[in-house]
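>
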Amino acid sequence: MRMAEIVAGAVLATSAVGVAQGASDPLRVWVGDPDAAAVHAWVQGHLDEAARLEAQLLAVKGPRTVENTLAPFDEATRALHTAGSGPGLLNNASPKKELRDVAQVEIQRVGKAGDELSLNRAVYEALRAVDVSKADAPTKFYMEKTLREYRLAGVDKDEATRNKVRDLQDKLTGLSLRYQRNIAESVGHIDVKDVTELEGLPADYMKRHPANAEGVITITTDEPDYRPVMTYAKSTALRERLFIAYNTRAYPVNKDLLLEVLSVRAELAHLLGFATWAELATADKMVGTPANVRLLIDELDKAARPAAAKEKAELIAFAKSKDASITEIPEYSSSYWVEQYKRATYGFDSQSVRSYFPFAQVQEGVLHAASRIFHVSFVPAKNAEVWDPSVTVFDVTDGVTPGGKKLGRIYLDMHPRAGKNKWFNASTVVTGKRDVALPEARLNGNFAGGESGDPGLMQYADVVTFFHEFGHMMHGVLGGHQEWVGIGPFAVEWDFVEAPSQMLEEFFANRAVIDTFAKDAKTGAPMPKELFDKMVKADAFARGITIERQLMLANYSLTMHDRAPQTVDLDALLHEGYLKYGAFTEAPENRMYATFTHLMGYSSNYYTYMQSKVIALDFFAQFDEKNLLDGPAAMRYRKTVLEPGGSVSANTLVKNFLGRPQSYEAVRKWINEEFAAPVK
Ligand SMILES: [Zn+2]
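Numbering follows the numbering used here, in which position 183 of the sequence shown is assigned residue number 183; successive positions increment by one, without gaps.
1) For the beta strand (DSSP E) that contains tyrosine 411, what are its first and last residues?
2) DSSP state of arginine 668, grouped into three classes?
3) Reducing DSSP to helix, strand and coil, say where isoleucine 326 ends up.
4) What is the chain-ordered set of residues for which the beta carbon lies under 6 Å from any non-hydrogen atom of ligand 1?
5) My output table needs one value for histidine 561: the three-state DSSP class, helix, strand or coil.
6) By alpha-carbon positions, which one of Gly84, Val293, Tyr142, Lys140 ends up nearest to leucine 551?
7) With distances taken Cα to Cα, identify the nearest neighbour of alanine 266 among Asp533, Thr559, Asp33, Thr392.
8) Please list, in chain order, all residues of the same chain as phenylalanine 378 whose beta carbon is under 7 Å from its beta carbon, the five residues on each side excluded.
9) Taking the alpha carbon of phenylalanine 496 as the reference point, which residue from Leu617, Gln44, Ala153, Leu99 has its own alpha carbon closest?
10) Span of the beta strand (DSSP E) holding valine 376?
11) So what does DSSP say about histidine 209, is it helix, strand or coil?
12) Give me the Cα-Cα distance between methionine 527 and threonine 516, rounded to the nearest whole angstrom.
13) What residues in its chain sit with their C-beta under 6 Å from that of alanine 281, if we drop five residues either side in the sequence?
14) Which two residues bound the contiguous alpha helix (DSSP H) that contains leucine 653?
15) Just the C-alpha distance for glycine 188 and leucine 152, rounded to the nearest angstrom, thanks.
16) Taking its Cβ as the centre, do 16 or more other Cβ atoms sit within 10 Å of valine 39, making it buried, or is it exposed?
17) Provide the residue(s) that pair with glycine 393 in DSSP beta bridges, ordered along the chain.
18) Could you check how far apart the C-beta atoms of asparagine 233 and leucine 198 are, in whole angstroms? I think they sit under 8 Å.
19) Applying the 10 Å Cβ sphere with the 16-neighbour rule, what's the burial state of proline 358?
20) Per DSSP, which one or two residues make a beta bridge with glutamate 440?
21) So the alpha helix (DSSP H) aspartate 571 belongs to, where does it begin and stop?
22) Within 10 Å of its beta-carbon, does alanine 37 have 16 or more other beta-carbons around it, so buried, or fewer, so exposed?
23) Smallest Cα separation from glutamate 493: which of Thr173, Tyr142, Pro306?
24) Straight-line CA distance for methionine 458 to glutamate 674?
25) At which residues does the beta strand (DSSP E) containing histidine 189 begin and terminate?
26) Grouping DSSP H, G and I as helix and E and B as strand, with all else coil, what is aspartate 398?
27) Can you tell me where the beta strand (DSSP E) with glutamate 218 in it begins and where it stops?
28) Would you mind giving the Cβ-Cβ distance between glycine 479 and leucine 642, rounded to the nearest angstrom? I have them listed as a contact below 8 Å.
29) Let me know the secondary structure DSSP gives proline 588 once reduced to three states.
30) Tell me where the alpha helix (DSSP H) around asparagine 510 begins and ends.
31) I'd like the list of long-range same chain contacts for serine 335, defined as Cβ closer than 6 Å, with 5 residues on each side in sequence excluded.
32) Which term fits aspartate 539, buried or exposed, when burial requires 16 or more other beta carbons within 10 angstroms of its beta carbon?
33) Are arginine 549 and tyrosine 593 closer than 9 Å when you measure CB to CB?
34) Classify glutamine 662 as buried or exposed, calling it buried when 16 or more other Cβ atoms lie within 10 Å of its own Cβ.
35) Apart from the five residues on each side of it in sequence, which residues of its chain come closer than 8 Å, Cβ to Cβ, to leucine 12?
36) Under three-state DSSP, which class holds asparagine 425?
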């Protein structure tokens with residue numbers, strides 16, 4: 001029955017769009033093995049469809065209704081989503097360079113069309129004229145949210161102001177690109193003349209860094225060079241030198257650019273009627289105001305500070321036992337001492353658990369756990385056409401309704417290959433809409449394995465990442481059945497979107513869940529209890545310090561945006577932050593603001609990570625620890641948090657599941673887990 005809906009959606013789109021040769025599926029660009037021209041034509045078809053719907057809604061004579069105005073607006077939005085997700089997938093995952101190249105051009109074209117719709121005054125006026133007084137609650141919510149977005153973009157202002165807004169936004173885009181390009185292009189390095197300075201680094205690292213003819217070894221500021229030095233190198237002087245090289249990249253050029261960004265943002269905020277950029281940037285978030293961000297920071301600080309102080313004291317005492325001259329730990333030594341402490345205290349070596357996490361077993365374990373938690377089944381879709389033969393496809397069917405109603409589809413694209421995106425993320429493949437199209441999502445992974453004969457032994461952190469991304473996928477599939485695409489699961493407020501994924505991470509540290517799949521690749525023996533306990537303990541260390549560091553960054557990003565830009569002293573604010581939140585002493589030459597890329601995309605809102613984390617832990621605390629997979633909380637979570645998608649505010653989602661607003665009790669407990677009794 002659900003198949004019929006997909007087909008109906010497809011037919012609807014086909015009749016309007018017309019399908020290019022080679023791209024034979026209107027919703028899945030890769031089907032039919034298209035060439036670059038076919039991809040371009042496929043995207044054009046959807047852009048034409050969006051333009052046709054926009055013209056249709058603008059041409060309406062007489063009273064505006066949900067049917068004659070909001071409905072075509074939402075379908076235009078869906079056409080743009082489809083137009084964007086096709087090339088988005090090819091750019092990230094196509095094995096063909098020709099298609100990745102054309103996809104980049106197409107993504108920009110679709111972005112431009114999206115901007116035009118979201119800044120269109122006539123469309124705004126048309127929507128505003130719709131009478132929604134008799135509409136259902138999700139429709140009212142959708143309309144309210146859409147009109148607010150238009151207003152936050154300045155669409156309701158006079159023409160001169162709108163032109164000015166557009167100019168400032170263009171300027172910001174240019175400045176942001178320059179800031180990021182400067183970072184990409186400024187690779188720093190240090191020269192090491194005495195090889196004993198590299199003591200502590202792994203053998204494969206040394207092999208990758210041979211000395212030149214003069215006996216000099218070059219270490220760059222790129223991540224694969226930088227991280228191991230900060231974590232393993234015994235030489236404090238070496239760590240300090242590399243830390244400074246790393247944290248002065250793109251300095252001073254990006255300092256000036258950042259100050260200019262702050263002043264353009266402030267001007268834009270004023271034009272749109274806000275006192276500061278931070279006010280504008282929080283207006284459409286769960287928090288609503290910068291004052292509420294401060295409240296979040298203060299509450300978390302209260303929760304984390306005692307633990308951070310204890311951890312810091314333990315670390316200093318430990319470091320002192322190795323080197324009596326140590327009285328403080330500078331920031332450039334923090335990773336090193338945390339690593340040494342974990343090894344000595346918990347005897348945990350992250351390599352030792354890998355044999356229990358062969359890829360295929362982990363995947364089966366994640367699917368099994370998710371099917372029990374969310375009451376769904378994953379049915380292999382063996383005949384589904386894929387963009388690369390390594391991709392596996394599952395249909396998600398409902399375990400609650402008789403006959404297993406189809407809910408959507410997931411694509412698992414799990415191993416690295418040439419030209420594929422190097423990160424881990426989940427993305428929408430087909431935007432779901434009730435009675436029109438079922439949601440489809442893709443997991444982009446770069447996990448070990450995938451080659452014949454390689455079991456793909458995974459790191460602990462990789463398994464956690466798998467759970468995390470799977471949380472996004474389930475949110476997408478279970479929440480992708482709204483009446484309108486504009487209130488789909490990922491239309492939910494930005495400071496909530498990481499909550500469902502971070503919540504699923506928590507399931508991983510539970511013995512009952514681990515036992516369903518962590519078995520030795522060769523012998524099949526389950527992970528010994530002692531090793532499991534060590535793993536969990538080591539993972540729980542330094543949470544207070546980590547949270548304090550996140551708070552420092554959240555505070556820094558907010559503070560530079562909540563005042564007049566000409567009063568902002570980037571160095572002084574950074575220094576104040578270290579004094580207030582930093583567990584470690586500051587390196588005075590640190591200019592990290594020149595490479596803090598989050599300041600471009602997140603601007604004042606770095607706090608969003610912490611906000612989602614607080615909610616995720618609060619959610620997780622509602623599950624019965626002794627019956628995680630089968631307790632009643634899971635279905636309630638699916639119904640009240642995931643299934644509504646973005647059809648209500650995130651604050652309402654939270655209240656509906658918890659019966660109250662978010663609290664800090666769960667995060668406090670999580671931070672202090674390291675001091676609690678050993679895990680059962
Ligand atoms: Zn995520």
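Quick reminder that beta carbons are idealized off the backbone N, C-alpha and C, glycines included. These numbers were taken from a predicted model, which means no experiment stands behind them.
With the given structure in hand:
1) 406-413
2) helix
3) coil
4) His468, His472, Glu498, Ser501
5) coil
6) Val293
7) Thr559
8) Leu367, Ser371, Phe394, Val396
9) Leu617
10) 376-380
11) coil
12) 10 Å
13) Ser603, Ser604, Asn605
14) 650-658
15) 40 Å
16) buried
17) Looking at the sequence shown, residue 393 is not glycine but valine. Beta-bridge pairing links valine 393 to Tyr411.
18) Looking at the sequence shown, residue 233 is not asparagine but alanine. Correct: roughly 6 Å between the Cβ atoms.
19) buried
20) Arg409, Val430
21) 570-581
22) exposed
23) Tyr142
24) 24 Å
25) 189-192
26) strand
27) Before going further, note that residue 218 is threonine rather than glutamate in the sequence given. From DSSP, the beta strand (DSSP E) with threonine 218 extends over 217-220.
28) 5 Å
29) coil
30) Careful: asparagine 510 lies outside any alpha helix (DSSP H) and carries neither H nor E.
31) Met230, Thr231
32) buried
33) no
34) buried
35) Confidence is the limiting factor: at leucine 12 the pLDDT is only 34, short of 50, which leaves the residue's position unreliable and the question unanswerable from this model.
36) strand
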